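Numbering (this note's numbering), first residue to last: 68 to 453.
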């Protein structure tokens, strides 16, 4: 006999999977109708967009020293076609800032992990860290000028100075390893060269700014020197011009340096340390007659400093650091932003040993005035950083 009660159960089990399959099929067909056709409609648009990006990048990068790097950088910017040239330069500089930060982190990591660095290598790494921080500051100032409400071409000479200084910082960093043993330099040089190449491309793009390098109606020295007015750079205010041309007795000073102990300090370095950071007004340090044997380092944060001396041959600063003693070329007299130095005499002297030529580095920052002073040098080179 047949088990009639069991058949419905069997049929139900047979029909259920079939109904599920039909439902899934119908649901899939509905989904397919509602899914956007990205491959057939948007792909050509995306291809055209990338093609336009590359065309603009190639066109903009003409004349750069590192065109492949320039093209790959610009092609990575979204909506490149809608960006103005100052915006393109600003984006490039901003990308470079991030790379500088990575290099600074790399230097810090090297210093922390390589605990047996000799003193010269340690100084070189410290130099690099300071120079990289200076580079970040300079590039951020450049970005600010590029994004200014004024046309970027109005800041052309300032931008040129800032970018040139940022690029030179990388080579100054590497110079510190010139006489050191070991291969520490190999861990950082590729990053630094890449930064320098980015900045070089930014400088090349900067020259394309309309009117950026045209001469003004006022007196103009060669392009690197900028515009001059009445014997001074145009960025020097009339108040500062009067200050520079005033006699020592007629100048009000903030601190007095005297070797005989009659002033606030007996060394210039102590006075610099006591000066305010990020000053927006002129801070005058009067240095009385005498020979000061010291390497004066003025950090970037010590802005608007003015060193006032008693005259050439009277106020004298002597320095004698050299490579043989383990110093890097960067560790020498360094001046900060908006630094004025009238009526001064700098004497740098070195010896020769085993055929080595010792070089002295005197790096000028963005805004520096040397007025009615003198530099006496013996067998050395003077370098201008920015």
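Think of the CB as a built atom: it goes at the ideal place given N, C-alpha and C, for glycine as much as any other residue.
Small disclaimer: the values here were computed from a predicted structure and weren't measured.
In DSSP terms, what residue i is bridged to
| i | result |
| --- | --- |
| residue 454 | For residue 454 there is no data in the structure shown, the boundaries of the chain being 68 and 453. |
| residue 360 | 385 |
As assigned by DSSP and simplified to three states, the class of residue i
| i | result |
| --- | --- |
| residue 184 | coil |
| residue 382 | strand |
| residue 299 | strand |
| residue 169 | helix |
| residue 276 | coil |
| residue 219 | helix |
| residue 163 | helix |
| residue 268 | helix |
| residue 119 | helix |
| residue 367 | coil |
| residue 227 | helix |
| residue 398 | coil |
| residue 211 | helix |
| residue 313 | coil |
| residue 248 | coil |
| residue 179 | helix |
| residue 156 | helix |
| residue 199 | helix |
| residue 133 | coil |
| residue 256 | helix |
| residue 143 | coil |
| residue 349 | coil |
| residue 128 | coil |
| residue 189 | helix |
Buried/exposed call for residue i, threshold 16 Cβ in 10 Å
| i | result |
| --- | --- |
| residue 361 | exposed |
| residue 430 | With a pLDDT of 42 at residue 430, under the threshold of 50, the modelled position of this residue cannot be trusted, and the question is left open. |
| residue 352 | buried |
| residue 185 | exposed |
| residue 132 | exposed |
| residue 348 | exposed |
| residue 245 | exposed |
| residue 297 | exposed |
| residue 212 | buried |
| residue 172 | exposed |
| residue 253 | exposed |
| residue 250 | exposed |
| residue 140 | buried |
| residue 228 | buried |
| residue 329 | exposed |
| residue 194 | buried |
| residue 317 | exposed |
| residue 218 | exposed |
| residue 248 | exposed |
| residue 187 | buried |
Distance CB(residue i)-CB(residue j) smaller than 8 Å
| i | j | result |
| --- | --- | --- |
| residue 339 | residue 359 | no |
| residue 269 | residue 230 | yes |
| residue 166 | residue 258 | yes |
| residue 181 | residue 275 | no |
| residue 315 | residue 375 | yes |
| residue 207 | residue 164 | yes |
| residue 243 | residue 191 | yes |
| residue 492 | residue 342 | Nothing in the structure corresponds to residue 492, since the chain is present only between 68 and 453. |
| residue 157 | residue 119 | no |
| residue 237 | residue 263 | yes |
| residue 204 | residue 367 | yes |
| residue 220 | residue 199 | no |
| residue 326 | residue 344 | no |
| residue 210 | residue 160 | yes |
| residue 271 | residue 130 | yes |
Any chain B beta carbon closer than 8 Å to residue i
| i | result |
| --- | --- |
| residue 331 | The structure shown contains no chain B, having only a single protein chain. |
Residue i beta carbon near the ligand GTP (any heavy atom closer than 7 Å)
| i | result |
| --- | --- |
| residue 375 | Annotation note on the ligand GTP: not contained in the displayed structure, which lists no ligands. |
Continuous alpha helix (DSSP H) assignments of at least 4 residues falling wholly in the region 319–343 = Taking only runs of at least 4 residues, the alpha helix (DSSP H) segments lying wholly in the region 319–343 are 335–341.
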